[in-house]
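See structure below.
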Amino acid sequence: MPGTTDEGYAEAVRTVLGELPDLPHVPELPGRGVTAAMTGRALAVVDGLAADLQPAGWRLTDTSGVDQRRARSLLAQDLDAVEELAQGYVGTFKTQVAGPWTLAATVEKPRGDKVLSDHGARRELAQALAEGVRVHLADLRRRITGVDRWIVQVDEPALAAVSLAQVPTASGFGRHRRVDAPELSAHLEWVVAAVTEAGGEAWVHSCAPQTPWSLVAGAGVAGLSADLDVLGPADLDAFAEVLESGRSAALGVVPSTDPDPDPSDARLTERVQRWLDMLGLDPEAVGDRLVVTPTCGLAGATPGWAARAVRLSATVARNL
1485 MPGTTDEGYA EAVRTVLGEL PDLPHVPELP GRGVTAAMTG RALAVVDGLA ADLQPAGWRL
1545 TDTSGVDQRR ARSLLAQDLD AVEELAQGYV GTFKTQVAGP WTLAATVEKP RGDKVLSDHG
1605 ARRELAQALA EGVRVHLADL RRRITGVDRW IVQVDEPALA AVSLAQVPTA SGFGRHRRVD
1665 APELSAHLEW VVAAVTEAGG EAWVHSCAPQ TPWSLVAGAG VAGLSADLDV LGPADLDAFA
1725 EVLESGRSAA LGVVPSTDPD PDPSDARLTE RVQRWLDMLG LDPEAVGDRL VVTPTCGLAG
1785 ATPGWAARAV RLSATVARNL
């Protein structure tokens, strides 16, 4: 969500709880700085690994630096706000964390270059993330006791680049070697298993084209989440199989930045119906497992459009 202040965070929580009573979530406001952005927030969750912020970005270190400590403090402060404002809430709730491959592609080793470049380092980071997610979800369960279904969205915007050897090296002149499918799947499976063992559901989200959705679907996830515009024919098959197998799919159809013209809920509803028709799926049969979302995060939107996008998503879902 957009916003640069703690007051803005509380307002985002109120918006989410008010407009999305069936599926609210723990908001993120990356506009508050790197400690509140996706990588910083994930490094606040990882267990047993220290990090600090360097000129080139986040780097693993021997001891936690001031920026990692700030990230953890800010996360705890945000969860305090969610806990206070969600008192009495009963139902489903969602949180999110950067996935193991996005972290490996954005965090550096102690001596430089991405964690992605080292087999042992990326394994250690994925396992630390899995353990941290387990602890994080237990903390959320203690804070919001009325939630009977926790969804953990594992954000993997860099998964496509990792699988296609498109992540640049530190020099910028080369690319890191592609990671083989078995390892890609294994690291995802560790995080998914940690979520499941903690009593939650793991959904993987990416709005990047060429994400290997069939591989993701085979990693034991309970749901897939993507921008409908970037799904190719093979991707559509993966989403259809997930829905038919009783799992969930979240479709990004509402623009994530201020559009011109403003799309109507009827037009967006019709678009999802056409997608379901193309796959031969009955909206009544899969409706309880289908989620309507913005195309990607709303951090780049104006506050007015962010609130409108949230309402529009809920309206399209009700229409369906």
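Per this note's numbering, residue 1485 is the first one in the sequence shown, and the count goes up by one each step. Using N, Cα and C, we set each Cβ at its ideal position, and we do this for glycine too.
Going by DSSP, Arg-1633 is part of the beta strand (DSSP E) stretching over 1631-1639.
Put simply, the backbone Cα of Pro-1739 is about 21 angstroms away from that of Thr-1579. Relative to Val-1529, the option among His-1689, Trp-1674 and Arg-1553 whose CA is nearest is Arg-1553.
Of the candidates Arg-1595, His-1689 and Tyr-1493, the residue whose Cα lies closest to the Cα of Leu-1569 is Tyr-1493.
Our two residues, Trp-1542 and Met-1522, have alpha carbons roughly 11 angstroms apart in a direct line. Using a Cβ-Cβ distance cut-off of 8 angstroms, the region 1728-1744 and the region 1592-1611 are not in contact, since fewer than three pairs of beta carbons, one from each stretch, lie closer than that value.
A straight-line Cα-Cα distance of about 29 angstroms links Gly-1583 and Arg-1755. A residue is called buried when at least 16 other Cβ atoms come within 10 angstroms of its Cβ; Arg-1792 meets this threshold and is buried. Secondary structure of Glu-1685 (DSSP, three-state): strand. One alpha carbon belongs to Arg-1595, the other to Asp-1546, and they sit about 11 angstroms apart.
Relative to Val-1574, the option among Leu-1558, Val-1566 and Arg-1633 whose CA is nearest is Arg-1633. Residue pairing of His-1509 in beta bridges, as defined by DSSP: Lys-1578. Counting along the chain, Leu-1544 sits inside the beta strand (DSSP E) bounded by residues 1541-1545.
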